[in-house]
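Protein chains: 2
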Amino acid sequence: MPKDETQEKEPRERILEAAATLFSTKGYAAVGVREIAELANVNVAMISYYFSGKAGILKEIVLRYFDSIKAIYDKVLAENYPPETKLRKIVDELVELMKNKTIFCKVAITEMPFDLPEFADFKAEVARRHVEYIKLGLKVFEIFPENQKFSSIITPAALSLIFSHFLFYPIIPKVWQIEIDDEYYDLYSKTISTLLLDGLNGVMKQFINNKIEDGK
Amino acid sequence: MPKDETQEKEPRERILEAAATLFSTKGYAAVGVREIAELANVNVAMISYYFSGKAGILKEIVLRYFDSIKAIYDKVLAENYPPETKLRKIVDELVELMKNKTIFCKVAITEMPFDLPEFADFKAEVARRHVEYIKLGLKVFEIFPENQKFSSIITPAALSLIFSHFLFYPIIPKVWQIEIDDEYYDLYSKTISTLLLDGLNGVMKQFINNKIEDGK
DNA sequence: GCTTTAATCAAACGATTGTTTAACTATTTT
DNA sequence: AAAATAGTTAAACAATCGTTTGATTAAAGC
Numbered sequence: 012m013p014k015d016e017t018q019e020k021e022p023r024e025r026i027l028e029a030a031a032t033l034f035s036t037k038g039y040a041a042v043g044v045r046e047i048a049e050l051a052n053v054n055v056a057m058i059s060y061y062f063s064g065k066a067g068i069l070k071e072i073v074l075r076y077f078d079s080i081k082a083i084y085d086k087v088l089a090e091n092y093p094p095e096t097k098l099r100k101i102v103d104e105l106v107e108l109m110k111n112k113t114i115f116c117k118v119a120i121t122e123m124p125f126d127l128p129e130f131a132d133f134k135a136e137v138a139r140r141h142v143e144y145i146k147l148g149l150k151v152f153e154i155f156p157e158n159q160k161f162s163s164i165i166t167p168a169a170l171s172l173i174f175s176h177f178l179f180y181p182i183i184p185k186v187w188q189i190e191i192d193d194e195y196y197d198l199y200s201k202t203i204s205t206l207l208l209d210g211l212n213g214v215m216k217q218f219i220n221n222k223i224e225d226g227k
Numbered sequence: 012m013p014k015d016e017t018q019e020k021e022p023r024e025r026i027l028e029a030a031a032t033l034f035s036t037k038g039y040a041a042v043g044v045r046e047i048a049e050l051a052n053v054n055v056a057m058i059s060y061y062f063s064g065k066a067g068i069l070k071e072i073v074l075r076y077f078d079s080i081k082a083i084y085d086k087v088l089a090e091n092y093p094p095e096t097k098l099r100k101i102v103d104e105l106v107e108l109m110k111n112k113t114i115f116c117k118v119a120i121t122e123m124p125f126d127l128p129e130f131a132d133f134k135a136e137v138a139r140r141h142v143e144y145i146k147l148g149l150k151v152f153e154i155f156p157e158n159q160k161f162s163s164i165i166t167p168a169a170l171s172l173i174f175s176h177f178l179f180y181p182i183i184p185k186v187w188q189i190e191i192d193d194e195y196y197d198l199y200s201k202t203i204s205t206l207l208l209d210g211l212n213g214v215m216k217q218f219i220n221n222k223i224e225d226g227k
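Those sequence lines, one after another, are chains P and H.
Its first residue numbered 12, the first sequence is counted upward by one per residue in the numbering used here.
Its first residue numbered 12, the second sequence is counted upward by one per residue in the numbering used here.
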């Protein structure tokens, strides 16, 4: 059997994929650089060489994730559909993204809740860059365009709703005896879309009622 | 100023709270035992003495979280309300739980997606113990009592929806300029309840339609 | 008051952490 | 072909990891 190393991806990409795989199952902090290097089939020093440190890998993973999100966002918003259709398309695209880039998405999402000093500036910058986008989106979808509190509740709710499957992933096959295939993800996408859209409709009604009660 | 050490909680509890605080912000794997001991104002050896290791702390945190969930579950299920009211009460109680035990809940939830070897058996056991409960709940709430796939989608969706605020917590104040107080949590609880209930109603309709399409 | 048990401590354990160094090979550039 | 750059390596770096040891103090049992 000839060595297929020539057909292997470049070292930098191998490191990124190996790291994403390990981060997604064990979490960023629980993974050592030697473990990554071994899985990527490179020398440990290559991590600092290409990413100037372990933290650099996570930063690139998170950036790639946000770029994917942005691409979906731009694509759907450019189309000329009614708000509800746009929202359903967004959900479909996000589920599709997670199917194709599962480990990258899972890493970006599961590391969000944590506040490590070495990522403080990075996170602030990433958050800043995406604020306008989130707000623009809420305006396009015609969801509480002017209410800060509702936005701060709805946006995380929608995102964690869409990604819920991946947050609970290692638990799900242990609890329910189901086969997770393309058919399952179709049902998943459709169900989450409906849950989100019908739910948002209800919240909109509640929002309007609250306004009336407040005498506005 | 006299030393108030006598009024301090017992060492074991201090360790638990210090660890929960640190785990919730930095994640389990990123926190060292010396950091915990320092914050708890105890000697490092006390961690192994009381919890037989760092992993023991996380196990107790997770167990306490599940006990709280179970208590809420038992309480609401024992009451005689229609399914929708029960579900809304569950959400209210869960939000209340998160307000009072924020760091414990956040730790239990944020560590769920990870699979560390030292917790493999523990997680399997915890999952096993709660399968019957989840299934019983879906039956009581009259939500797809017999459909495995829908259950496996809806249950994680509902949970991550309810807990979404805490998953995104460090991000939220950076993106939206809002004051997070009791009033905010009231709105949060009401909004999430509506989103979930109206969303579930929509999914139920979809479920019934699918059955008809399948010719059942 | 003696003995036993529980609790706490500083110190050291070996293992592992992320990163850097300096030598080396391979590839480009000139 | 010579020089320069890029890529890769094993080894060592200091720092930190979680845990254990053995001594010491405090509390409880009799």
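Note that the Cβ used here is the ideal one computed from N, Cα and C, for glycine as well.
Residues of the region 207-221 of chain H whose Cβ lies closer than 9 Å to any Cβ of chain P, in chain order: Leu207, Leu208, Asp209, Gly210, Leu211, Asn212, Gly213, Val214, Lys216, Gln217, Phe218, Asn221. For a Cβ distance threshold of 7 Å, nothing in chain H lies close to glycine 67 of chain P: the least Cβ distance comes to about 17 Å. Under the Cβ distance rule, threonine 121 of chain P counts among the residues neighbouring chain H, one pair being separated by less than 9 Å. About 7 Å separates the CB atoms of tyrosine 144 of chain P and lysine 81 of chain P; that is less than 8 Å, so the two are in contact.
Not a single C-beta of chain P is nearer than 9 Å to the C-beta of glycine 64 of chain H. In this structure, DSSP gives glutamate 122 of chain H a state outside helix and strand, which the three-state scheme calls coil. Identification of chain P residues near tyrosine 84 of chain H by a Cβ-Cβ cut-off of 9 Å yields none; the smallest Cβ-Cβ distance measures about 15 Å. In this structure, the alpha-carbon of arginine 99 of chain P lies about 14 Å from that of leucine 108 of chain P.
Residue burial is scored here from C-beta neighbours: proline 128 of chain H has fewer than 16 other C-beta atoms within 10 angstroms and is therefore classed as exposed. Within chain H, the residues whose beta carbon sits less than 8 Å from that of aspartate 126 of chain P are Thr36, Lys37, Pro181, listed in sequence order. Going by DSSP, alanine 41 of chain H is part of no alpha helix (DSSP H) at all; its letter is neither H nor E.
Of all residues in the region 162-192 of chain H, only Ser162, Ser163, Ile164, Pro167, Ala168, Ser171, Leu172, Ser175, His176, Leu178, Phe179, Tyr180, Pro181, Ile182, Ile183, Lys185, Val186, Trp187, Gln188, Ile189 place a beta-carbon less than 7 Å from a beta-carbon of chain P. In the three-state scheme derived from DSSP, where H, G and I count as helix and E and B as strand, lysine 97 of chain H is classed as helix.
Remark: C-beta atoms of isoleucine 72 of chain H and glutamate 104 of chain H do not approach each other more closely than 9 Å. Proximity to threonine 205 of chain P across H/Lys65, H/Pro94, H/Lys216, H/Thr166 peaks at H/Lys216, based on C-alpha coordinates. For lysine 150 of chain H, no chain P residue has a Cβ inside 7 Å of its Cβ, as the nearest lies near 14 Å away.
Assigned with DSSP and collapsed to three states, asparagine 54 of chain P falls in coil, not helix or strand. Judged by pairs of C-beta atoms under 8 Å, the region 114-125 of chain H does not touch the region 182-192 of chain H, as fewer than three such pairs exist. Leucine 207 of chain H has its alpha-carbon roughly 16 Å from the corresponding atom of histidine 176 of chain P. When DSSP states are grouped into helix, strand and coil, phenylalanine 179 of chain H belongs to the coil group.
Rounded to the nearest whole angstrom, the C-alpha separation of valine 55 of chain H and phenylalanine 34 of chain P is 28 Å. Spanning the alpha carbons of aspartate 78 of chain H and isoleucine 183 of chain H requires a straight line of approximately 28 Å. When only Cα atoms are considered, lysine 112 of chain H and glutamate 19 of chain P end up about 49 Å apart. If you keep only unbroken alpha helix (DSSP H) runs of at least 4 residues inside the region 129-173 of chain H, you get 131-151, 159-173.
Histidine 141 of chain P and valine 44 of chain P have their C-alpha atoms some 30 Å from each other. Proximity of chain P to valine 142 of chain H at the Cβ level (cut-off 7 Å) is accounted for by Val186, in chain order.
When 9 Å is used as the limit between beta carbons, alanine 41 of chain H is near these residues of chain P: Gly38, Tyr39, Ala40, Ala41, Phe125, Leu127, in chain order.
Around the beta carbon of alanine 31 of chain P, a 10 Å sphere encloses 16 or more other beta carbons of the protein chains shown; the residue is thus reported as buried.
Using a Cβ distance threshold of 9 Å, proline 181 of chain H and lysine 134 of chain P count as a contacting pair. About 21 Å separates the CB atoms of threonine 166 of chain H and isoleucine 164 of chain P; that is not less than 8 Å, and the two are not in contact.
When the five nearest sequence neighbours on each side are left out, the beta carbons in the same chain lying within less than 6 Å of the beta carbon of leucine 69 of chain H are those of Tyr39, in order along the chain. Between alanine 29 of chain H and phenylalanine 130 of chain H, the gap from beta carbon to beta carbon reaches 9 Å or more. For aspartate 192 of chain P, no alpha helix (DSSP H) run applies, since DSSP gives it neither H nor E. In the three-state scheme derived from DSSP, where H, G and I count as helix and E and B as strand, leucine 127 of chain P is classed as coil. In this structure, the CA atom of isoleucine 173 of chain H is about 7 Å from the CA atom of valine 102 of chain H.
The C-alpha of asparagine 52 of chain H lies about 15 Å from the C-alpha of serine 59 of chain H.
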